[in-house]
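First comes the structure, then the notes that go with it.
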Amino acid sequence: MSTWAKKKLSDCVTLKTGKLNSNAAVVDGLYPFFTCSQEIYKTNTWSFDTECVLLGGNNANAIYPIFYFDGKFDAYQRTYVIEPKNDNNIRYFYYLLKEKLKELREKSTGAATKFLTVKILHDLNVIIPDSIRQQNIASILSAYDDLIENNEKRIKILEEMAERLYREWFVKFKFPGHEKVPLIDSDAEYGKIPEGWSIIPMSTLADFINGYPFKPKDLGEYGLPIIKIPELRSGILDKTPRNSGKSIPKKYLVESGDVIFSWSATLLVNIWRSGNALLNQHLFKVTPKKIIFRSYLFYTLMALVKKLSKQVVGATMQHLRRDTIVDAKVILPKEELIEEYEKIAANLLGRINCLCEKNQKLSKMRDLLISQLVTGKREMKKE
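Heads up: the sequence shown runs through residues 142 to 524, numbered per this note's numbering.
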């Protein structure tokens with residue numbers, strides 16, 4: 142630790158904030174738009190063109206998003222744009238600040254919403270090595286992130302393949318042998334559909350189980366993770382609450398591969414891939430009536446939610462009503478065609494699951510190294 146020095150964060154980096162309101166996001170925008178959300182949005186403007194760390198400055202649960210970025214982007218007015226001073230390595234400070242997030246959560250102010258003030262960040266105590274070691278540490282850790290990013294690109298390709306096949310067969314009706322199947326009037330909003338297919342309510346395709354109404358006293362640090370919207374979006378987090386599950390009915394248990402639908406506040410459909418967990422209220426576990434419906438159900442539900450999102454109700458907390466979902470009409474093809482699709486889609490989703498598991502392992506290894514390398518607890522081998 143002889144080459145490490147105690148500093149204030151203000152000695153090492155500069156802090157700026159964005160100028161935009163959160164409603165500046167646009168669909169299919171040209172540039173990344175960083176806010177206080179874990180999700181990166183898009184906008185058609187850019188105010189920054191730099192290599193930096195983006196840190197959200199407020200969050201209801203003090204789960205502050207942090208990103209490394211190099212290029213043109215824009216930022217929300219409560220998002221910090223952090224750039225290095227002198228010869229400090231900004232990617233090293235990205236990992237250092239990730240390690241400091243728990244400390245920052247504890248120091249944040251506010252009741253209903255937690256805030257990171259400029260003073261909190263400026264006064265943050267850090268211990269840093271010389272610039273060469275910063276570069277070496279950043280290179281080691283970024284190699285893990287590069288592998289994770291590459292796997293995420295492969296995941297996206299596989300997801301697009303499964304969804305494209307779904308649309309080709311069940312939306313455009315270009316399934317194998319479609320030339321020999323006449324289209325008939327469905328007497329529904331879908332117009333003409335292939336002969337032998339039917340229109341059914343969503344409740345015929347799947348069961349919707351709303352999550353358990355956990356109370357504050359039920360939330361702890363040990364046991365099974367409890368899935369809320371942040372976990373559905375990003376997986377298990379450091380601040381994910383837990384419960385032993387011993388007194389929770391088994392119907393609220395979630396396993397890898399289960400389809401989860403967030404119907405309140407954020408409309409989101411995802412496949413859970415982080416092992417056994419418990420489901421919180423405002424989330425549905427969507428279980429297919431027949432196992433061959435699993436992949437078909439997932440993409441049908443995604444398409445339906447996108448369609449029904451225009452019908453959200455509620456002022457402070459927008460949501461889709463349960464009856465809107467379960468009574469919504471969807472197309473049911475012949476079972477032999479669904480089964481043929483399931484064989485292909487299940488293979489693609491299985492490959493996605495493998496890549497997700499690899500990324501989870503890589504993330505754990507990277508996070509362990511972060512805590513060791515940026516604190517100086519573990520010295521790098523000299524070449």
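Glycine included, C-beta positions come from ideal geometry on N, C-alpha and C.
Residue i - DSSP class collapsed to helix/strand/coil
i, result
"Thr345", "helix"
"Arg507", "helix"
"Lys426", "strand"
"Gly376", "coil"
"Phe189", "strand"
"Phe355", "coil"
"Ser385", "coil"
"Leu490", "helix"
"Asn291", "helix"
"Asp326", "strand"
"Thr516", "coil"
"Lys369", "coil"
"Tyr205", "coil"
"Ile432", "helix"
"Phe314", "coil"
Closest by C-alpha distance to residue i, when choosing among the options
i, options, result
"Leu496", "Phe439, Leu288, Glu180", "Leu288"
"Thr407", "Asn417, Ala418, Phe425", "Phe425"
"Val471", "Thr441, Glu483, Asp464", "Thr441"
"Thr155", "Ser504, Phe174, Leu195, Lys313", "Leu195"
"Asn82", "Leu257, Ala165, Arg232", "Given a span of 142 to 524 for the chain in the structure shown, any question on residue 82 remains unanswerable."
"Thr345", "Lys157, Val467, Lys313", "Val467"
"Arg463", "Glu477, Trp413, Ser405, Ala418", "Ser405"
"Asn417", "Glu481, Phe402, Gly364", "Gly364"
"Lys505", "Glu477, Ser403, Tyr285", "Tyr285"
"Ser163", "Phe175, Ala303, Asp169", "Phe175"
"Glu290", "Tyr437, Tyr209, Gly361", "Tyr209"
"Leu445", "Pro429, Thr465, Lys431, Lys430", "Thr465"
"Glu520", "Pro342, Lys313, Leu409, Ile269", "Ile269"
Presumed contact (8 Å Cβ cut-off) between residue i and residue j, rounded CB distance
i, j, result
"Ile350", "Glu336", "Not confirmed; about 34 Å, so no contact."
"Ile433", "Ile493", "19 Å between Cβ atoms; not a contact."
"Lys160", "Asp190", "About 15 Å; that fails the 8 Å criterion."
"Arg435", "Glu498", "The Cβ separation is near 19 Å, so there is no contact."
"Leu419", "Gly386", "6 Å"
"Ala279", "Tyr236", "7 Å"
"Leu510", "Ile281", "7 Å"
Between the CA atoms of residue j and residue i - distance to the nearest angstrom
i, j, result
"Pro474", "Asp211", "47 Å"
"Tyr172", "Leu245", "28 Å"
"Thr250", "Ile204", "13 Å"
"Thr254", "Pro206", "14 Å"
"Thr457", "Phe439", "The pLDDT assigned to Thr457 is 42, lower than 50, so where the model puts this residue is not dependable, and the model offers no usable value."
"Val395", "Lys380", "19 Å"
"Ile231", "Gln275", "9 Å"
"Asn229", "Leu150", "11 Å"
"Val168", "Ile261", "34 Å"
"Thr158", "Ser188", "11 Å"
"Arg374", "Arg383", "17 Å"
Opposing strand residues paired with residue i [DSSP bridges]
i, result
"Glu224", "Thr155"
"Val471", "Ile341"
"Asp215", "Phe174"
"Lys255", "Asn200"
"Val168", "Answer is none; Val168 lacks a bridge partner."
"Asn230", "Asn230 is not bridged to any residue."
Residue i beta carbon near the ligand SAH (any heavy atom closer than 7 Å)
i, result
"Asn411", "For the structure depicted, the ligand SAH is absent and the ligand set is empty, with no information on it obtainable."
CB contact check: residue i to chain D, cutoff 8 Å
i, result
"Ala469", "Chain labels in this structure do not include chain D; a single protein chain is all it has."
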